[in-house]
Amino acid sequence: MGILDIFKRKDMSSEIKNYLERGAVVLDVRTKMEWDEGHSDGAMHIVLNLIPLKIDELKALKKPVIAVCKSGGRSAQATQFLTKEGLDVINGGPWQNVDQYL
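Just add 1461 to wherever you are in the sequence shown, counting from 1, and you've got our numbering.
(1) With the cut-off set at 8 Å, would you say V1487 and V1529 are in Cβ contact?
(2) Relative to the C-alpha of I1527, which candidate in T1492, E1495, L1548 has its C-alpha closest?
(3) Ordered along the chain, which non-local residues of its own chain (more than five positions away) have a Cβ less than 6 Å from that of H1506?
(4) Around the C-beta of G1553, are 16 or more other C-beta atoms found within 10 angstroms, so that it is buried, or is it exposed?
(5) What would DSSP say about I1507, mapped onto helix, strand or coil?
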C-alpha cells in the first residue's frame, strides 16, 4: 500500500448492499434543513449532535445501521461513536450512496 492509498475512497457499494439485505436502518445525521432538501425514503433522521441522546432508541432497533450525511464526514463521526456504543454500523458516506439501492 502506497502513501496515496489512504486518500482513495473505498467502494462501499457491496457493503451497503449487504447491510441493506440484512435489514439495516439508514441513519441520516444531517441538519433538518439538509434533510428537507432531500433524503432517502424510510431513512431515520437524527442530527449528529443528538445521537448520544437517542442511543437507547437506536440500540432498541436491534438492526445494523448505515450512517449517511452530505459528504461522509459527519456520518464517519456517527459511525465511530455508534461503534464504540456496540452497534453494528458502517459509514455509507453521502446519502445518495445508499439511496440508489433503496
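Just so you know, even glycine gets a beta-carbon here, dropped at the ideal spot from N, CA and C.
To lay it out plainly:
(1) yes
(2) L1548
(3) D1489, W1496
(4) buried
(5) coil
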